[in-house]
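A quick write-up on the structure given underneath.
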Amino acid sequence: MINLKQIRSLLTVVQVGSVNGAAESLCLAPSSISAQLRELSSTLGVDLFESSGRKLVLSASGQQLLPKFNELLQLNDEVLSFAESLKSEPSGELRLYAPSSMCIYRLPRLIEAMQVTAPAVELHLQHDPFDYVQALNARSIEGAVVVTASPAPEFNHMQISSEEVIYVTHPADHIKRKLSLSQLAQRAIITTEPGCSYRVAAENHFKENSQHLSPRQSFSNVEVIRRCLLSRMGTGLLPRCVVEEDLDQGRLKEQRVTGTPYRFNSAVIWPKSAQASPRLNALLQVIEENRPAT
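Position one of the sequence shown corresponds to residue 23 (the numbering used here), numbered consecutively onward.
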């Protein structure tokens with residue numbers, strides 16, 4: 023079994039070039055260093071060092087293994103540092119991306135819960151327009167709230183809620199029967215901006231049925247679309263959560279359309295290559311505890 027003492031001894035010998043020098047640096051007996059190197063070599067089944075004059079140098083096998091030894095020691099340091107951070111209450115700024123629909127209609131209850139469970143965490147939300155993938159890879163944000171059918175494979179994710187994206191209109195313009203896409207296309211359609219997952223789903227739906235989506239208006243903010251619908255400006259494409267209260271109160275109506283609703287999941291994503299911080303873990307715990315029952 024490999025242990026970290028063996029790896030630390032090996033790396034120190036590589037750095038100073040001798041067993042005696044490594045022993046002095048690590049405050050160990052030279053015999054202990056030599057024994058650790060022999061045990062490590064025996065466990066791996068390869069010779070790790072060879073003599074070069076009075077110095078010990080890595081063998082060809084040792085040189086190939088050296089990056090892995092460094093990674094193991096670095097990972098150990100990261101684990102110890104992370105464990106130390108868990109001993110205290112999460113604190114500091116948690117930087118996230120979230121689209122406007124999630125900022126307004128999904129996150130407030132989670133933020134309220136975090137104020138109880140992690141009061142020292144300050145949540146900073148960045149919303150559209152914003153390249154959250156680049157920001158995640160650059161570590162300028164810790165996570166992103168997305169609405170997607172399936173998160174990209176390079177990200178970890180935790181689901182917040184199931185989401186339905188529907189067509190909505192003012193009651194005075196509502197048609198009780200289900201519309202075909204060709205009938206819908208004759209109405210003034212208001213959507214989110216190009217590239218938004220809601221709009222992409224609608225565009226694909228139209229394309230699959232030999233139709234073309236031509237919105238009359240498009241906005242990056244779902245609340246603007248909602249206001250337009252309340253003013254009878256057209257038929258809008260929105261997540262149900264955005265207009266749920268309006269539908270319940272009769273201020274807006276769901277316009278049924280063949281092939282809808284479009285189904286998504288809202289989720290927090292973060293890079294698989296990055297360890298979730300205590301701040302992000304506090305949010306993930308709140309999400310887990312407050313996820314709607316299915």
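Each residue gets a CB set at the ideal place from its N, CA and C atoms; glycine is no exception.
Keep in mind it's a predicted model, so treat the numbers as computed, not measured.
- Beta-bridge partners assigned by DSSP to E245: none are found.
- Cβ neighbours of S81 within its own chain (closer than 8 Å, five residues either side excluded): V68, D69, L70, F71, E72.
- Taking the Cα of Q137 as reference, the smallest distance to any Cα among A304, R313, E310 is reached at A304.
- Separation of G256 and E185 (C-alpha to C-alpha, rounded to the nearest whole angstrom) is 22 Å.
- Non-local beta-carbon contacts of S202 in its own chain, meaning distances under 6 Å to residues more than five positions away in sequence, involve T280 in chain order.
- Rounded to the nearest whole angstrom, the CA to CA distance from Q37 to L102 is 23 Å.
- N159 is the residue among I188, S183, I247, N159 whose C-alpha sits nearest the C-alpha of F177.
- Leaving aside the five residues that flank L206 on each side, the residues in its chain whose CB is nearer than 6 Å to its CB run, in chain order, V279.
- Nearest C-alpha to A140 among P216, L302, L50: L302.
- With three or more CB-CB distances shorter than 8 Å, the stretch 183 to 198 counts as touching the stretch 258 to 265.
- Nearest to G75 by C-alpha distance, out of S47, Q85, G39, Q86, is G39.
- Proximity to Y189 across P173, A166, R221 peaks at R221, based on C-alpha coordinates.
- Sequence-distant partners of P237 (beyond 5 residues in either direction) whose C-beta falls short of 7 Å from its own C-beta, in its chain, are I211, I212, T213.
- In this structure, the straight-line span from the alpha carbon of G114 to that of L306 is close to 16 Å.
- Straight-line measurement puts the Cα of A57 at about 14 Å from the Cα of L66.
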